[in-house]
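Q:
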Amino acid sequence: MGGQGEKPALLVGGRRVDGRGVEDVRPLKIVARVLNDAEGSAYVEWGKNKVLAGVYGPRECIPRHDQSLYRAVVKCRYNMAPFSGAEEHGRSGPNRRSKEISKVIKEAFENVIISENFPKTEISIFVEVLQSDGGTRCAAVTAAAVALADAGIPMKDLIGAVAVCKIDGQMAVDPGKEEDNFGESDMPIAFSPRTGDVLLFQMDGLLTREELARGLELARKASMKIREAQMEAIRKVYDEPKEDRFLLIG
Amino acid sequence: MESMNEIKRDTLGALISQGKRGDGRGMLDYRKINVQGGILQNPEGSAIVSIGKSQVMAGIKFDIAKPFPDRPKEGVLSTSADLLPLASHLFETGPPSDEAIELARVVDRGIRSANIIDLSSFYIDDEKVLAVYIDLFILDHDGNLIDTAALAAMGALLSARMPKVEEGKIIRGEFTGKVPIKEKVVTCTFGKLGDKAFLDPSLDEEKGMDCRLTLATTPGHLCAAQKGGWGAVSEKDLMELFDISLEKGKELRALLND
Numbered sequence: 012m013g014g015q016g017e018k019p020a021l022l023v024g025g026r027r028v029d030g031r032g033v034e035d036v037r038p039l040k041i042v043a044r045v046l047n048d049a050e051g052s053a054y055v056e057w058g059k060n061k062v063l064a065g066v067y068g069p070r071e072c073i074p075r076h077d078q079s080l081y082r083a084v085v086k087c088r089y090n091m092a093p094f095s096g097a098e099e100h101g102r103s104g105p106n107r108r109s110k111e112i113s114k115v116i117k118e119a120f121e122n123v124i125i126s127e128n129f130p131k132t133e134i135s136i137f138v139e140v141l142q143s144d145g146g147t148r149c150a151a152v153t154a155a156a157v158a159l160a161d162a163g164i165p166m167k168d169l170i171g172a173v174a175v176c177k178i179d180g181q182m183a184v185d186p187g188k189e190e191d192n193f194g195e196s197d198m199p200i201a202f203s204p205r206t207g208d209v210l211l212f213q214m215d216g217l218l219t220r221e222e223l224a225r226g227l228e229l230a231r232k233a234s235m236k237i238r239e240a241q242m243e244a245i246r247k248v249y250d251e252p253k254e255d256r257f258l259l260i261g
Numbered sequence: 007m008e009s010m011n012e013i014k015r016d017t018l019g020a021l022i023s024q025g026k027r028g029d030g031r032g033m034l035d036y037r038k039i040n041v042q043g044g045i046l047q048n049p050e051g052s053a054i055v056s057i058g059k060s061q062v063m064a065g066i067k068f069d070i071a072k073p074f075p076d077r078p079k080e081g082v083l084s085t086s087a088d089l090l091p092l093a094s095h096l097f098e099t100g101p102p103s104d105e106a107i108e109l110a111r112v113v114d115r116g117i118r119s120a121n122i123i124d125l126s127s128f129y130i131d132d133e134k135v136l137a138v139y140i141d142l143f144i145l146d147h148d149g150n151l152i153d154t155a156a157l158a159a160m161g162a163l164l165s166a167r168m169p170k171v172e173e174g175k176i177i178r179g180e181f182t183g184k185v186p187i188k189e190k191v192v193t194c195t196f197g198k199l200g201d202k203a204f205l206d207p208s209l210d211e212e213k214g215m216d217c218r219l220t221l222a223t224t225p226g227h228l229c230a231a232q233k234g235g236w237g238a239v240s241e242k243d244l245m246e247l248f249d250i251s252l253e254k255g256k257e258l259r260a261l262l263n264d
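Residue numbers (our numbering), protein chains in the order written: chain B, 12 to 261; chain F, 7 to 264.
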């Protein structure tokens, strides 16, 4: 949405600009436990997106007026590196967009984290977008879920997120940068696969009732693939334990 | 926490006085170093470096900027460091800490004073020059962030490509070759405890040591330096550590691809 320059054809003979079909997800690679100090961590490469998540907690909630006597407080910071985009150098620190994204990600995890177990504490989720390619908030949710699992935070479900878009009048899953910029609609969704509940839902553009239903169907199918990749990443930590933890960028 | 530091200081002091270190290294040994350059597609240059359990990613971005009034014919170089909250339980969100600012400035000084980038070649016209931004993203903190960040910055610069400029605008995704880098600047950071100096302090050693000395060198020259911490260094220390930095600099340069 809101792309500059001339809109390219986004769908030609059922193929998208990068050759995918409408139901195809870009290549997704997840590696858990890549950081040393963070209690849980995960690195996600999704298309050209490169996203790193780190989790701390449950730890003492500071400042104390943020504390709850009944549950752990979930905090989230989604941040984009100033060098993450393909265009100009970004500014360091939070802006309106990143604050909103941090908020909706936090709220999605509040649904699944069993926070009642840890009163007066905080669980902090930090996500750094190292390279962006459309769909960074979905990559952020997907990475954060694995990092939380790696940290041993009890959760009711391992959640994942994916966006759907409308390109040249058709619904398609997992929009890339160009589809994000020039598509007619963008709808990121996080599901709880166990219950089928929708935990993060945003949308812009124009959709009919049928298009919304089709979008949900596409996203639900794709989220199963994302869950598989998440599970595999967590399993690998224990199947192939590594002495040295460092990020290998593919 | 303070009592922990005191205990660590005692233990560390006992070891260091015998010329030993907590992790079994020699006094002038680096921990294991990993360098990966050109890892990102969006920025013009990038690298990730780990020294032991410390990890730093550096990104190089070019933009168009106005030249500084005192240097009207030169491009702009700007270095910043983010101590990301995911890197350490000690880091908090918020504006850059004193530590982050010092880190960025020390790395910047080495690169700037050795003139390894010809900023006059970044001149476009009297209103426009190329600005190069070096962003240091601290991903994991286990001590000696200065050397880790300086190596990442250098690795990223060596991988960087010159953006194509047309009619005063950068054409993103098109390049005119590599950014010419004259020399490799590397830093060696030493910890000092009592009268003993040791290379590449870990986080535990940093908590216990009296002071820190960073020497940035090109082959044959000192190009930037920074002492940190309350402790003192002698003239003799400075001369000895300068010699060691020149020697160790060769090892670090060998890890950086041209």
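C-beta: ideal position from N, C-alpha, C; glycine also.
Hey, could you find the ends of the alpha helix (DSSP H) Lys256 (chain F) is sitting in?
A: Glu241 to Ala260
Q: What residues from chain B crowd round His268 (chain F), counting only those whose CB sits closer than 9 angstroms?
A: Past the boundaries of the shown model lies residue 268 (chain F); chain F is included only from 7 to 264, so the question cannot be answered.
Q: Report buried or exposed for Asn47 (chain B), applying the criterion of at least 16 other Cβ atoms within 10 angstroms of its Cβ.
A: buried
Q: Alpha carbon to alpha carbon, how far is Lys167 (chain B) from Lys86 (chain B)? Give it in angstroms, no decimals.
A: Lys86 (chain B) and Lys167 (chain B): Cα-Cα distance of roughly 18 angstroms.
Q: Please report how far the alpha carbon of Arg82 (chain B) lies from the alpha carbon of Ser113 (chain B), in whole angstroms.
A: 20 angstroms
Q: What did DSSP end up calling Glu133 (chain B) once you bin it into helix, strand or coil?
A: strand
Q: Verify the CB distance criterion: does Ile152 (chain F) have a CB-CB separation below 7 angstroms to chain B?
A: no
Q: Lys61 (chain B) versus chain F: which residues are under 8 angstroms apart at the beta carbon?
A: Leu46
Q: Could you please tell me which residues of the stretch 42-57 of chain B, in chain order, have their CB closer than 8 angstroms to any CB of chain F?
A: Hits within the stretch, in order: Leu46, Asn47, Asp48, Ala49 and Ser52.
Q: Is the beta carbon of Lys202 (chain F) sitting closer than 7 angstroms to the one on Ile22 (chain F)?
A: Cβ distance < 7 angstroms, so Lys202 (chain F) and Ile22 (chain F) count as in contact.
Q: Which of the residues in the stretch 83-105 of chain B, read from start to end, lie with their CB under 7 angstroms from any CB of chain F?
A: Arg88, Ala92, Pro93, Phe94, Ser95, Gly96, Ala97, Glu98, Glu99, His100 and Ser103
Q: Between the alpha carbons of Arg75 (chain B) and Lys117 (chain B), how many angstroms are there, rounded?
A: Roughly 19 angstroms between the two C-alpha positions.
Q: At a Cβ threshold of 7 angstroms, is Pro91 (chain F) touching chain B?
A: yes
Q: Flag this pair as yes or no: are the beta carbons of Ala174 (chain B) and Gly146 (chain B) separated by less than 7 angstroms?
A: yes
Q: Cβ of Gly65 (chain F) within 7 angstroms of Cβ of Pro49 (chain F)?
A: One thing to note: Gly65 (chain F) has its Cβ within 7 angstroms of the Cβ of Pro49 (chain F).
Q: According to the neighbour-count rule (16 or more other Cβ atoms, all chains shown, within 10 Å of its Cβ), is Lys190 (chain F) buried or exposed?
A: buried
Q: Residues of chain B with CB under 7 angstroms from Thr99 (chain F), in chain order?
A: Neighbours of Thr99 (chain F) in chain B, taken as residues whose beta carbon is under 7 angstroms from its own, are Arg88 in chain order.
Q: Give the residues from the stretch 25-40 of chain F that approach chain B closer than 8 angstroms (Cβ to any Cβ), ordered along the chain.
A: Lys38 and Asn40
Q: When you compare only the Cα positions, how much space is there between Gly237 (chain F) and Pro93 (chain B)?
A: 36 angstroms
Q: Is the distance from the Cβ of Ala64 (chain B) to the Cβ of Val115 (chain B) below 7 angstroms?
A: no
Q: Taking its Cβ as the centre, do 16 or more other Cβ atoms sit within 10 Å of Tyr249 (chain B), making it buried, or is it exposed?
A: exposed
Q: Is the beta carbon of Val192 (chain F) less than 7 angstroms from the beta carbon of Leu258 (chain F)?
A: Cβ atoms of Val192 (chain F) and Leu258 (chain F): closer than 7 angstroms.
Q: Between which two residues does the alpha helix (DSSP H) harbouring Met235 (chain B) extend?
A: Per DSSP, the unbroken alpha helix (DSSP H) holding Met235 (chain B) starts and ends at Arg220 to Asp250.
Q: Quick one: grab the DSSP three-state call for Gly180 (chain B).
A: coil
Q: Is the CB-CB distance between Met160 (chain F) and Leu252 (chain F) below 7 angstroms?
A: no
Q: Please check if any C-beta of chain B sits within less than 7 angstroms of the C-beta of Ser208 (chain F).
A: no
Q: Report the partner residues of Ala64 (chain B) according to the DSSP bridge assignment.
A: Here Ala64 (chain B) is bridged, per DSSP, to B:Ala53 and B:Val138.
Q: Give me the subset of the stretch 134-150 of chain F whose CB atoms are less than 8 angstroms from a CB atom of chain B, sorted by chain position.
A: Ala137, Tyr139, Asp141, Phe143, Leu145, Asp146, His147 and Asp148
Q: Since Leu159 (chain B) meets chain F, which of its residues come closer than 9 angstroms, beta carbon to beta carbon?
A: Going along chain F, no residue has its Cβ under 9 angstroms from Leu159 (chain B), so there is no contact; the nearest lies around 13 angstroms.
Q: Go through the stretch 36-103 of chain F residue by residue and report every complete run of the beta strand (DSSP E) that reaches 3 residues or more, in order.
A: 39-43, 51-57, 60-71 and 82-89
Q: What separation, rounded to the nearest whole angstrom, lies between the Cα atoms of Gly226 (chain F) and Ile250 (chain F)?
A: 12 angstroms
Q: Residues of chain B with a CB under 7 angstroms from the CB of Pro49 (chain F): which are they?
A: Phe94
Q: Please name the residue or residues paired with Cys87 (chain B) in a DSSP beta bridge.
A: B:Ile136
Q: Nearest to Ser196 (chain B) by CA position, among B:Gly171, B:Gly207, B:Leu169 and B:Arg225, is which residue?
A: B:Arg225
Q: Note down, in chain order, each residue of its chain lying with its Cβ closer than 8 angstroms to the Cβ of Asp208 (chain B), except the 5 sequence neighbours on either side.
A: Asn122 and Phe202
Q: Using DSSP's beta-bridge definition, name the partner residues of Ile1 (chain F).
A: Because chain F in this structure spans residues 7 to 264, residue 1 (chain F) falls outside the shown range and cannot be described.
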